[in-house]
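Residue numbers (my numbering), protein chains in the order written: chain W, 3 to 526; chain E, 3 to 182. We treat Cβ as the ideally placed atom computed from N, Cα and C, and that holds for glycine.
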Ligand code: HEM
Ligand SMILES: [Cu+2]
């Protein structure tokens, strides 16, 4: 494996397509990840539009149920593995070396690989949609026997796509850990690390712990389906419920993989625009670590209805509720940071505040779901869909938007159109709530998730939800416009874009030069 | 800076977690065995009980369920029996292949309440073996079992249910041979 030194032969970037194909520069790779994630966000979003168009009215109108199921499945897979995770990896690539005063990521060649295998994974996944029999239609959770006995022959493509995505994120995680552990500038002590770096370090360990388990699960699905093993097949002595245990052993830490870096971003942005130091830095670090540890012992809250014994139900109920304690600490610290701060409402701050409010709302619906007896009613309804979209869209995705608006001037050297960005914020904020808030009510009233048709009494709410959905989808085009206009041109951004900002990234010029911190900065 | 030592540890960790995913399979079985969760009765032949508990009676009911599309009909000739713990019982099941092709059936037993599963001992069961049934063939199977005298007294009724799986696809060659 090469070290950062190997990339120092030439200085400016190469030109043309080769620059992007062969690049080992963390900024280039960060850009690639971020643009790829944006493309996947739009692709997955287009699928959501298909879903909401079908659900606009009761009855079957536009697509057949099998295709509908492919849309919900691939929408979920793309948003999780294609949009949210690569966006965070892109931010890690861009920001971590600059934040810790390192010249680049520790393993730049591996960095190139971990990005460039991703497009292939998604090409395979998307291609399967156009093949005979269609793509995966068993939900992003691919429960056996849906994915084994009852799936079509293209399931192998799904399995390989997941394998490649897994390898990519594991390589990314290893790179992050090695970079943070080995390349911190002198004086950058552990408890001085910016919180985004801390949260990513912990996320990277989560990734290494659970992505291999996901790889194991898809491998078992593959061998069950094609090679006659019986891991999940009751007829051969296997157990389909075991699939769910293995999947959620990965799956619950996975949801924290998608939120811990978001916590880091919010903890960076809120102090900047409150013009105060972050309240409770060390409690933030400990809270993040305890959330990560607890996330390994709560997985069966996704399985309350599978017939666990009472002791199991109680254990997973209480351990799940316990997670809201460190989460509450974080929310408290953000609010305390804003308390009596001189707050200004720039676009990143607006997204950050919306994050704090709406993510907390998602946490509350999570708490409701964690109550075992009531989960028997809520499970597999739209209430669950409402819960995880509040934590993932107004949580993870909003934090990514906040991060983009925060660092875009640093990346491009241009200030973006702030008016347009605020339009994007308000349109998104309103439409996202029209989209997801009513889902709580149709869920409580019993509308099941993952269905192309529904009972008539849900019609009005679903029409509203769909309108919110289309509006949210369209609003994101504003984001695309802001980003591309900002890449092309704009008012020249100073090195320190936000006057309240702290951190090494603001010591370098805007746009950040191709190589930064080739000699480590002094950290006081 | 030499990154190799750390890199090696992290790669090792990754491989260990991949192995752990597969280790979860036996761990799961051991866990269920030890705790008696998930209602899986033993698939091994048991030995006869040494004593009979004459002081109480337990009702054991039987149900069967053909997994979607499996062309089998199996039903116990008595819907339920009342037994004394330790006492041997014999129940006859009538089985039929309702398709006009030879089929291989695997019956998977399950006991409810699940925690009582380990107290139901079978000496003979059609579920111990895969059963080949010719086209439209009818068969009778014997189930010999007893309820363990150690069964906690709060269990007064047990249900033994069989799920019938059509596993012919895995046995297409032996079926062709059998038909000849
Ligand atoms: C206080 C924190 C949280 C609690 C108590 C909680 C609790 C739960 C529970 C009990 C379920 C299962 C509901 C069911 O299927 O019946 C669930 C589902 C889910 N949660 Fe959370 N959750 C929390 C935070 C989060 C976060 C931070 C994320 C992601 C960023 C998340 C993502 C999800 C997802 C994706 C599902 C649905 C998975 C599926 O079935 O497809 N949750 N949550
Ligand atoms: Cu969970």
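Check                                                                                                                       : Outcome
Pair within 8 Å by beta-carbon distance, residue 339 of chain W and residue 273 of chain W                                  : yes
Below-8 Å beta-carbon distance, residue 203 of chain W vs any chain E residue                                               : no
Test: residue 329 of chain W CB closer than 8 Å to a CB of chain E                                                          : no
Contact with chain E by residue 233 of chain W, beta-carbon distance below 8 Å                                              : yes
CA-to-CA distance, residue 59 of chain W to residue 473 of chain W, given in whole angstroms                                : 17 Å
Residue of W:390, W:331, W:216 minimising C-alpha distance to residue 251 of chain W                                        : W:216
Residue 172 of chain E: contacting residues in chain W (beta-carbon distance under 7 Å)                                     : 230
Limits of the beta strand (DSSP E) - the one that residue 147 of chain E falls within                                       : 140 to 149
Enclosing beta strand (DSSP E) for residue 168 of chain E [first to last residue]                                           : 159 to 168
For residue 105 of chain E, three-class secondary structure by DSSP                                                         : strand
Distance between beta carbons of residue 26 of chain W and residue 95 of chain W, contact taken as under 8 Å                : So it is not a contact: roughly 11 Å between Cβ atoms.
The region 346 to 355 of chain W contacting the region 396 to 415 of chain W, beta-carbon criterion three pairs below 8 Å   : yes
CB contact check: residue 134 of chain E to chain A, cutoff 8 Å                                                             : Any reference to chain A falls outside this structure, whose protein chains are W and E.
8 Å Cβ cutoff met for residue 308 of chain W and residue 226 of chain W                                                     : no
Residues sharing a beta bridge with residue 111 of chain E, DSSP                                                            : E:164
DSSP three-state assignment for residue 98 of chain E, whether helix, strand or coil                                        : strand
Neighbour-count burial assignment, residue 365 of chain W, 16 or more Cβ in a 10 Å radius                                   : buried
Nearest candidate by alpha-carbon position, reference residue 514 of chain W, set W:35, W:28, W:413, W:136                  : W:413
Collapsed DSSP secondary structure at residue 381 of chain W in the structure displayed                                     : coil
Three-state class that DSSP yields for residue 4 of chain W in the structure shown                                          : Low confidence applies here, because residue 4 of chain W scores a pLDDT of 43, under 50, leaving its location unreliable; read the following figure in that light. If DSSP states are grouped into helix, strand and coil, residue 4 of chain W belongs with coil.
Straight-line gap, residue 80 of chain E to residue 95 of chain E (C-alpha atoms, nearest Å)                                : 9 Å
Check whether residue 98 of chain W and residue 182 of chain W have beta carbons under 8 Å apart                            : yes
Alpha carbon of residue 116 of chain E to alpha carbon of residue 454 of chain W, nearest angstrom                          : 35 Å
Beta-bridge pairing of residue 183 of chain E - partner residues as DSSP gives them                                         : Since the first residue shown for chain E is 3 and the last is 182, residue 183 of chain E is missing from the structure and cannot be characterised.
Residue 257 of chain W Cβ short of 7 Å to ligand 2 heavy atom set                                                           : yes
Reference residue 467 of chain W, options W:55, W:416, W:230, W:204, closest by Cα                                          : W:55
Sequence-ordered residues whose beta carbon comes within less than 6 Å of a heavy atom of ligand 1                          : W:143, W:257, W:260, W:261, W:303, W:304, W:322, W:325, W:326, W:329, W:365, W:368, W:369, W:371, W:372, W:377, W:380, W:381, W:386, W:389, W:390, W:393, W:394, W:397, W:398
Burial state of residue 29 of chain E, where buried means 16 or more other Cβ atoms lie within 10 Å                         : exposed
Ligand 2 heavy atom lying under 7 Å from the CB of residue 247 of chain W                                                   : no
Any non-hydrogen atom of ligand 2 within 7 Å of residue 86 of chain W CB                                                    : no
Alpha carbon of residue 142 of chain E to alpha carbon of residue 16 of chain E, nearest angstrom                           : 52 Å
Below-8 Å beta-carbon distance, residue 109 of chain W vs any chain E residue                                               : yes
Segment limits, beta strand (DSSP E) that includes residue 426 of chain W                                                   : Here residue 426 of chain W belongs to no beta strand (DSSP E); instead the alpha helix (DSSP H) covers 420 to 446.
Local conformation of residue 454 of chain W per DSSP, three classes                                                        : coil
Touch test, the region 386 to 405 of chain W against the region 326 to 334 of chain W, Cβ-Cβ under 8 Å, three pairs minimum : no
Separation of residue 270 of chain W from residue 142 of chain W, as counted between CA atoms                               : 32 Å
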